[in-house]
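What follows is one structure encoded as structure tokens, with my remarks underneath.
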Amino acid sequence: MLYVSYFVIVTAASSAVITQIMAADSNNPDMQTVFNNCREEASATEDDIKTFRAQQIPSTTTGKCMLACMFNHSGLMKEGKYDSEGALKLVGQVFAADPVKLGKAKTLINTCSDEVKNENDKCEIASKIADCTVKMTSQVGLS
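Using mature numbering (1 follows the signal peptide of the UniProt record, and there is no 0), the letters of the sequence shown correspond one by one to residues -23 to -1, 1 to 120.
Printed below as a string of structure tokens:
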């Protein structure tokens, strides 16, 4: 369950911690296991891994698919689609004590959900979720 917190932050739009997702913190064995399993599942290249380690959103298909796998394990995606209900549940846990931030996170989720609603490729959806989350973080005031 510890690795879920890394993904929650993506949904919550905290760009500071999206970097932890991309870096797959080696001090967190759950996160490292998910990272390694998704790396294998997506057939991610060394360049893809370098992108994650550099804390950047992947641009290659394999890197995007690895991100989709990681989002699937977090509850941000389900059956290849953005799971806004899962994302809302996760941010509800993170921001339970801060209704202002919770409201901002909900706005972010709704906006990003709209942005990917017509996308059918799970790997592109993951990339667009990450891009939208980073963009919306500052726009809604969660940075």
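For each residue, glycine too, the CB sits at the ideal point set by N, CA and C.
- For ASP60, there is no enclosing alpha helix (DSSP H), as DSSP gives it neither H nor E.
- Just measuring C-alpha positions, the residue of LEU119, THR110, SER104 sitting nearest MET43 is SER104.
- The C-beta of LYS55 has fewer than 16 other C-beta atoms within 10 Å across all chains shown, which makes the residue exposed.
- When the beta-carbon positions are compared, ALA82 and LEU119 come within less than 8 Å of each other.
- Counting C-beta pairs closer than 8 Å gives fewer than three between the region 60 to 69 and the region 14 to 30, which falls short of the contact rule.
- Sixteen is the threshold: since fewer than 16 other Cβ atoms of the shown chains lie within 10 Å of the Cβ of PRO76, the residue is exposed.
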